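So for the sequence shown, our numbering puts the first residue at 2; every next one is plus one.
Glycine included, every Cβ here is placed at the ideal spot set by N, Cα and C.
Given the structure is predicted, the values throughout are model-derived calculations rather than measurements.
Notes follow once the structure below has been shown.
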Amino acid sequence: MMKRKFTYSRTLVLIILLFLLFVNGFLGTVLIVQSRKNLKEQMDERMLDILNSAAMMIDGDVLAKLQKDDYDTPQYQQVLRILGAFQQNFNLDFIYGIRNMGNGNFTFTVDPDLESPGEFGEPVVSTEALRTASLGTPAVDKVPYEDKWGRFYSAYTPVFDSQGKVGGILAVDVEASFYETELRRHIYTALIICVASLIVGGIIAYLISDKIHRRLYVLNVEMSRLSDEVEELAGELKAASGYRTDSFEVKKHHTQNMGN
2 MMKRKFTYSR TLVLIILLFL LFVNGFLGTV LIVQSRKNLK EQMDERMLDI LNSAAMMIDG
62 DVLAKLQKDD YDTPQYQQVL RILGAFQQNF NLDFIYGIRN MGNGNFTFTV DPDLESPGEF
122 GEPVVSTEAL RTASLGTPAV DKVPYEDKWG RFYSAYTPVF DSQGKVGGIL AVDVEASFYE
182 TELRRHIYTA LIICVASLIV GGIIAYLISD KIHRRLYVLN VEMSRLSDEV EELAGELKAA
242 SGYRTDSFEV KKHHTQNMGN
């Protein structure tokens with residue numbers, strides 16, 4: 002009886018732990034997916050906000066006409082200063098201008114980076130987001146691309162000229178490793194929360210089970226004691242009943258003998 006109750010107690014703990022494991026696994030998955038989504042959205046919004054601000058300060062007509070030989074002209078230097086200020090103030094990896102050459106080909110224009118700028122006219126990796134921006138709609142890469150500078154997520158925004166056409170494109174790069182590191186940090190946090198929740202839940206389940214086990218144990222002891230008392234009482238009643246029966250039989254036999 003006691004062994005059966007102990008097995009029931011362990012089964013209850015196991016069921017509770019499995020339930021907690023399932024719930025924590027589900028919540029952990031939701032947290033990780035949500036963290037990935039929120040982090041990407043925040044990064045995308047930040048890049049587009051920076052680009053849109055820079056685009057408002059740059060003349061689309063000037064950006065459309067700039068050439069490599071215009072480096073020393075006031076127009077070129079003005080665009081260079083604007084982009085350089087954004088790069089320094091917002092601690093950007095890269096911010097630069099792009100020109101649509103047609104047929105899905107794109108090239109660098111103005112790049113303020115001091116260490117490894119893209120050369121004016123050098124090809125730029127064509128992505129879906131870049132092609133979308135060339136049609137007039139700001140966009141951000143959904144997956145990272147790779148070039149000689151590294152692996153990046155990039156955002157692109159068009160700069161319109163006085164006729165409402167796309168005079169050029171501005172781009173901002175964020176290293177994929179930065180996003181992946183931040184994502185791992187969010188994942189680790191979610192996993193720590195889930196593991197801590199599972200441990201706490203397991204401890205609570207154990208304490209509840211232990212309390213139930215103790216109560217069952219006390220109840221079993223009381224039932225055993227009561228059963229012993231009942232058996233003892235039954236034995237006493239049987240003994241008392243047997244004594245009276247024996248006495249009756251003796252007296253009856255004695256009376257019959259005297260009658261004969």
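Give the secondary structure of residue i by DSSP, where H, G and I count as helix, E and B as strand, and everything else as coil.
i	result
L21	helix
T108	strand
T74	coil
I194	helix
T158	strand
D148	strand
G26	helix
G98	strand
G137	coil
V167	strand
F179	helix
F87	helix
D229	helix
D50	helix
G103	strand
Where does residue i land, buried or exposed, given buried means 16+ other C-beta within 10 angstroms?
i	result
Q89	exposed
L93	buried
L227	exposed
L171	buried
L234	exposed
L52	buried
D45	buried
I200	exposed
A241	exposed
L15	exposed
T74	exposed
Less than 9 Å separating the beta-carbons of residue i and residue j?
i	j	result
V111	V80	yes
A55	G169	no
A156	A140	yes
I99	L131	yes
L84	I96	yes
D62	S163	yes
F91	F109	no
V167	G119	no
M58	Y154	no
S198	L28	yes
From residue i to residue j, what does the alpha carbon distance come to, in whole angstroms?
i	j	result
L145	V173	According to the sequence provided, residue 145 is Pro. The question's Leu does not apply to it. Going from the Cα of P145 to the Cα of V173 covers about 13 Å.
V126	D148	7 Å
D229	L22	44 Å
L19	G203	10 Å
Q43	G103	32 Å
F107	T128	10 Å
A134	D142	11 Å
T12	A206	11 Å
C195	T182	20 Å
M2	Y180	Bear in mind that the predicted position of M2 carries a pLDDT of just 47, short of 50, making it unreliable; the figure below should be weighed with that in mind. Approximately 59 Å, taken between the alpha carbons.
K41	R82	29 Å
E123	S117	13 Å
R216	I17	19 Å
Q76	D60	9 Å
G105	R37	30 Å
L220	K212	12 Å
Within 8 Å: the Cβ of residue i and any heavy atom of the ligand PLP?
i	result
S117	Absent from the structure shown: the ligand PLP. Ligands present: none.
Taking 9 Å as the CB-CB cut-off, is residue i touching chain C?
i	result
V201	Absent here is chain C; the protein component of the structure consists of one chain.
- prompt: Would you call the segment 181 to 189 and the segment 27 to 42 touching, i.e. three or more CB-CB distances under 8 Å?
  reply: yes
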